[in-house]
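**Student:** Sequence lines, in order, name chains A and B. Count along the first sequence starting at 1, add 1022, and that's the number in the numbering used here. Count along the second sequence starting at 1, add 1022, and that's the number in the numbering used here. Think of the CB as a built atom: it goes at the ideal place given N, C-alpha and C, for glycine as much as any other residue. In this text, all values refer to a predicted model and were calculated from it rather than measured experimentally. Here it is, the structure, as structure tokens.
Protein chains: 2
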Amino acid sequence: MALLRFIQRIYNFYFSPDKMLARRLRSLTGFIPANLNIFKLAFSHKSTISDKAYALQNNERLEYLGDAVLGTIVAEYLFKKYPNSNEGFLTKMRSKIVKRKSLNKIGDKMGLDMLLAEYNNTRLSRSMLGNAVEALVGAVYLEQGYFRTKRFVIRKVLRNYVDVHELESFDDNYKSQLLEWCQKNGQTVSYKLLARYKFEKRDRFKVAVMVNGKKMAVADDFNKKSAEQTASEKAMQALGILIETEETEK
Amino acid sequence: MALLRFIQRIYNFYFSPDKMLARRLRSLTGFIPANLNIFKLAFSHKSTISDKAYALQNNERLEYLGDAVLGTIVAEYLFKKYPNSNEGFLTKMRSKIVKRKSLNKIGDKMGLDMLLAEYNNTRLSRSMLGNAVEALVGAVYLEQGYFRTKRFVIRKVLRNYVDVHELESFDDNYKSQLLEWCQKNGQTVSYKLLARYKFEKRDRFKVAVMVNGKKMAVADDFNKKSAEQTASEKAMQALGILIETEETEK
Chain A
1023 MALLRFIQRI YNFYFSPDKM LARRLRSLTG FIPANLNIFK LAFSHKSTIS DKAYALQNNE
1083 RLEYLGDAVL GTIVAEYLFK KYPNSNEGFL TKMRSKIVKR KSLNKIGDKM GLDMLLAEYN
1143 NTRLSRSMLG NAVEALVGAV YLEQGYFRTK RFVIRKVLRN YVDVHELESF DDNYKSQLLE
1203 WCQKNGQTVS YKLLARYKFE KRDRFKVAVM VNGKKMAVAD DFNKKSAEQT ASEKAMQALG
1263 ILIETEETEK
Chain B
1023 MALLRFIQRI YNFYFSPDKM LARRLRSLTG FIPANLNIFK LAFSHKSTIS DKAYALQNNE
1083 RLEYLGDAVL GTIVAEYLFK KYPNSNEGFL TKMRSKIVKR KSLNKIGDKM GLDMLLAEYN
1143 NTRLSRSMLG NAVEALVGAV YLEQGYFRTK RFVIRKVLRN YVDVHELESF DDNYKSQLLE
1203 WCQKNGQTVS YKLLARYKFE KRDRFKVAVM VNGKKMAVAD DFNKKSAEQT ASEKAMQALG
1263 ILIETEETEK
């Protein structure tokens, strides 16, 4: 069995009509797959494939599996990297790494657009990159099991393309950012509750953020703090002081 | 190393002051833990522990890890059990298994309340049961790795306490359930759009469900279909025909 897979790998690398794929996958993942078909599948968007075979012949099932596996690997990686942090911090860090935008970036840096272009005749969208990362992890998992997938994700993905320390310090607290800016620039900032009303039996808050007494932005939310955060973000955009460390694309 | 762990297990089972815990864990998980402390931690709610040691000395970090591991094991289990289902079905099935309510039930059936009662001096809440399931999975993972945790979850948790086929057929489409009931009982059912308005720049729909021309329930949502679903559920509650296959507790 192991010998057969070994021979299959040698074949895939030197002789298969898909040897270019096998070689690219080796540089991406660190190993030569024995089953190239699941990797081709990983890069095949449903729109490229005939409707008939829809349920199986596309990358969505692999994405589903890879999404879970990737989530667990990242969860464990952070669990061990931050032995003194509580679960709130770990959860936040994890979602910064595995959220759509971040996966799209990772897929881009990994050069998955080349592979996607090869196996799809549709226009590539940005979200296909993140999906392809998940599907690739799913395919690696099916081929290699959990332990080796973990090694691949940590060595080839996280260490190369994710700056954990940058994420750690990335501040999405707009309220404190705005306050800091105002203090530096001799401005005052305050918040004003414009309205409090019932919506779906829940309290909802409409809040304005005032810079030097002037209304800069308004936001509403079921949670007053969240409304203030959103209003602060809008105000920072209006003031042109929002440093975008991430793309604004959804 | 392996010998040391073996001796530790023998000690835990026959001589340790915590031998009762070791024995219960063996019947729960199928193995005797070498490190009983992480299992004690798994059942220790933060409220029982002094604030000082908060960050580490409670089960929340284990819950965080276990939640991810359990999600992946269930994802893979379903992926292999349903080779012909698409990712939408798999995702739905997975969330039926790992959602809070369902985990609380599983923890209850596993008898985790006994262990929780032993390691906590606070009143037990229902959600502590589900959290304890996650924390237990996290502890098993740290002690035994992915492969054995998977075996434990599939053999001792999923096969014993989760009826996948019942979940499969569990219908949360209230609209079709209500229609079926009405047809059986010679009643008519229709939906009426009461209002369509803008909320946060998005369309929002207020919908009523009418049974025999009489307004039975009202609901609103950003999505018209979802509003109809919620209204149908309310109507079924009002008519007393909602068969609760799950507890209503949150």
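Can you list, in chain order, the residues of its chain with a C-beta nearer than 8 Å to that of phenylalanine 1221 of chain B? Leave out the 5 residues immediately preceding and following it.
**Tutor:** Locating residue 1221 of chain B in the second sequence gives position 199, where the first residue counts as 1. Excluding positions up to five away in sequence, the list reads Phe1244.
**Student:** Give the straight-line distance between the Cα atoms of valine 1155 of chain A and leucine 1164 of chain A, rounded to the nearest whole angstrom.
**Tutor:** Here residue 1155 of chain A refers to the residue found at position 133 of the first sequence. Here residue 1164 of chain A refers to the residue found at position 142 of the first sequence. The alpha-carbon atoms of valine 1155 of chain A and leucine 1164 of chain A are separated by roughly 14 Å.
**Student:** Please state whether the Cβ-Cβ distance between alanine 1241 of chain A and alanine 1260 of chain A is less than 7 Å.
**Tutor:** On the first sequence, residue 1241 of chain A is found 219 positions in, with the first residue counted as 1. On the first sequence, residue 1260 of chain A is found 238 positions in, with the first residue counted as 1. Going by C-beta atoms, alanine 1241 of chain A is not nearer than 7 Å to alanine 1260 of chain A.
**Student:** Do you know whose CA, among A/Ile1119, A/Pro1055, A/Arg1181, lies nearest glutamine 1030 of chain A's CA?
**Tutor:** As a working mapping, residue 1030 of chain A is identified with position 8 in the first sequence. Closest by alpha carbon: A/Pro1055.
**Student:** For the region 1056-1070 of chain B against the region 1080-1096 of chain B, are there 3 or more C-beta pairs whose distance is under 8 Å?
**Tutor:** Yes, the region 1056-1070 of chain B is in contact with the region 1080-1096 of chain B.
**Student:** Kindly indicate the opening and closing residues of the alpha helix (DSSP H) around phenylalanine 1111 of chain B.
**Tutor:** Sequence index remark: in the second sequence, residue 1111 of chain B carries index 89 (1-based). Taken as a continuous stretch (DSSP letters only), the alpha helix (DSSP H) holding phenylalanine 1111 of chain B covers 1109-1120.
**Student:** Going by DSSP, what residue range makes up the beta strand (DSSP E) through serine 1212 of chain A?
**Tutor:** Along the first sequence, read from residue 1 onward, the residue named residue 1212 of chain A stands at position 190. Serine 1212 of chain A -> beta strand (DSSP E) spans 1211-1221.
**Student:** To the nearest angstrom, report how far apart glutamate 1188 of chain B and serine 1124 of chain B are at their CA atoms.
**Tutor:** What you label residue 1188 of chain B is simply residue 166 of the second sequence in a count that begins at 1. What you label residue 1124 of chain B is simply residue 102 of the second sequence in a count that begins at 1. One C-alpha to the other measures close to 13 Å.
**Student:** Would threonine 1094 of chain B count as contacting chain A if we go by Cβ distances under 7 Å?
**Tutor:** The sequence position of residue 1094 of chain B within the second sequence is 72, counting from 1. Cβ-Cβ to chain A under 7 Å: yes for threonine 1094 of chain B.
**Student:** Helix, strand or coil: how does DSSP classify methionine 1023 of chain A here?
**Tutor:** The residue given as residue 1023 of chain A occupies position 1 in the first sequence. Methionine 1023 of chain A: coil per DSSP, three-state reduction.
**Student:** Looking at the strands, I want to know which residues DSSP matches up with lysine 1236 of chain B.
**Tutor:** Locating residue 1236 of chain B in the second sequence gives position 214, counting from the first residue. In DSSP, lysine 1236 of chain B forms a bridge with B/Val1233.
**Student:** What's the gap between the Cα of lysine 1174 of chain B and the Cα of phenylalanine 1174 of chain A?
**Tutor:** For this step, residue 1174 of chain B is matched to residue 152 along the second sequence. For this step, residue 1174 of chain A is matched to residue 152 along the first sequence. Looking at the sequence provided, one finds phenylalanine at residue 1174 of chain B rather than lysine. Looking at the two C-alpha atoms, the distance is approximately 25 Å.
**Student:** Buried or exposed for isoleucine 1095 of chain A, going by 16 or more other Cβ atoms inside 10 Å?
**Tutor:** In the first sequence, residue 1095 of chain A corresponds to position 73, counting from 1. Per the 10 Å Cβ criterion, buried.
**Student:** Output yes if chain C places a C-beta closer than 7 Å to the C-beta of phenylalanine 1101 of chain B; else output no.
**Tutor:** The displayed structure is made up of protein chains A and B, and chain C is not among them.
**Student:** What is the residue span of the alpha helix (DSSP H) that serine 1147 of chain B lies within?
**Tutor:** Counting from 1 along the second sequence, the entry for residue 1147 of chain B is found at position 125. It is not in any alpha helix (DSSP H) - serine 1147 of chain B carries neither H nor E in the DSSP assignment.
**Student:** Could you spell out the range, first to last residue, of the alpha helix (DSSP H) harbouring isoleucine 1176 of chain A?
**Tutor:** Sequence index remark: in the first sequence, residue 1176 of chain A carries index 154 (1-based). From DSSP, isoleucine 1176 of chain A is part of no alpha helix (DSSP H); its letter is neither H nor E.
**Student:** What does lysine 1113 of chain B reach in chain A if we use C-beta pairs closer than 8 Å?
**Tutor:** Residue 1113 of chain B sits at position 91 when you count from the first residue of the second sequence. Note that residue 1113 of chain B is threonine in the sequence shown, not lysine. The answer, in chain order, is Tyr1086.
**Student:** Below 9 Å on C-beta distance, what does glycine 1229 of chain A contact in chain B?
**Tutor:** Start at 1 with the first residue of the first sequence, and residue 1229 of chain A comes out as number 207. Looking at the sequence provided, one finds valine at residue 1229 of chain A rather than glycine. Those do not exist, as valine 1229 of chain A stays about 14 Å from chain B at its closest Cβ, beyond 9 Å.
**Student:** Within the same chain, show all residues whose beta-carbon is closer than 6 Å to that of asparagine 1153 of chain B, passing over the 5 residues directly before and after it, in chain order.
**Tutor:** Taking the second sequence and counting its residues from 1, one reaches residue 1153 of chain B at position 131. So the list reads Glu1085, once near-sequence residues are dropped.
**Student:** If you measure between the beta carbons of valine 1233 of chain A and tyrosine 1213 of chain A, is that distance less than 7 Å?
**Tutor:** As a position in the first sequence, residue 1233 of chain A is number 211, starting the count at 1. As a position in the first sequence, residue 1213 of chain A is number 191, starting the count at 1. For valine 1233 of chain A and tyrosine 1213 of chain A, no; Cβs fall outside 7 Å.
**Student:** Identify the contact partners of glutamate 1140 of chain B in chain A, using a Cβ-Cβ distance below 8 Å as the criterion.
**Tutor:** Along the second sequence, one-based indexing puts residue 1140 of chain B at 118. Near glutamate 1140 of chain B there are no residues of chain A at all, since even the closest Cβ is about 23 Å away, more than 8 Å.
**Student:** With a cut-off of 7 Å, does the C-beta of valine 1091 of chain A fall near any C-beta of chain B?
**Tutor:** Counting from 1 along the first sequence, the entry for residue 1091 of chain A is found at position 69. Yes - at least one Cβ of chain B is within 7 Å of the one on valine 1091 of chain A.
**Student:** Starting from the C-beta of threonine 1270 of chain A, find all residues in its chain whose C-beta is less than 7 Å away, skip the five residues before and the five after it, and write them out in chain order.
**Tutor:** Within the first sequence, the letter at position 248 stands for residue 1270 of chain A. Reliability fails at threonine 1270 of chain A, whose pLDDT of 38 lies under 50, so the model's placement of it is uncertain and the value that follows must be treated cautiously. Contacts found: none.
**Student:** Using a beta-carbon distance below 7 Å, is arginine 1218 of chain B in contact with chain A?
**Tutor:** Here the question's residue 1218 of chain B lines up with position 196 in the second sequence. Taking Cβ atoms only, chain A never reaches closer than 7 Å to arginine 1218 of chain B, which makes this a no.
**Student:** Where do the ends of the alpha helix (DSSP H) carrying serine 1254 of chain A lie?
**Tutor:** Mapped onto the first sequence, residue 1254 of chain A falls at position 232. 1246-1261 is the span of the alpha helix (DSSP H), which, as asked, contains serine 1254 of chain A.
**Student:** Name the one or two DSSP bridge partners that aspartate 1225 of chain A has.
**Tutor:** As a position in the first sequence, residue 1225 of chain A is number 203, starting the count at 1. Answer by DSSP bridge pairing, in chain order: A/Lys1220.
**Student:** Please determine, among B/Val1231, B/Lys1237, B/Lys1178, the residue with the shortest C-alpha to C-alpha distance to leucine 1050 of chain B.
**Tutor:** As a first step, residue 1050 of chain B must be located in the second sequence, where it is residue number 28. When each option's Cα is compared against that of leucine 1050 of chain B, the closest is B/Lys1178.
**Student:** Can you tell me where the alpha helix (DSSP H) holding phenylalanine 1061 of chain A begins and where it ends?
**Tutor:** Locating residue 1061 of chain A in the first sequence gives position 39, where the first residue counts as 1. Segment 1058-1064, the alpha helix (DSSP H) holding phenylalanine 1061 of chain A.
**Student:** Using a beta-carbon distance below 7 Å, is alanine 1097 of chain B in contact with chain A?
**Tutor:** Position 75 of the second sequence, counting from 1, holds the residue named residue 1097 of chain B. At least one chain A Cβ lies under 7 Å of alanine 1097 of chain B.
**Student:** Residues in the same chain with beta-carbon distance under 6 Å from leucine 1158 of chain A, minus the five sequence neighbours each way, listed in chain order, please.
**Tutor:** Stepping through the first sequence from its first residue, residue 1158 of chain A is reached at position 136. Closer than 6 Å at Cβ, skipping near neighbours: Ala1064.
**Student:** Output yes or no for whether 7 Å exceeds the beta carbon distance between isoleucine 1018 of chain A and tyrosine 1183 of chain A.
**Tutor:** The requested residue 1018 of chain A is not part of the displayed model; chain A covers only 1023 to 1272.
**Student:** Below 9 Å between beta carbons is the criterion; list the residues of the region 1165-1189 of chain A that meet it against any residue of chain B, in chain order.
**Tutor:** Against chain B - using a Cβ distance shorter than 9 Å - the residues of the region 1165-1189 of chain A are Gly1167, Tyr1168, Phe1169, Lys1172.
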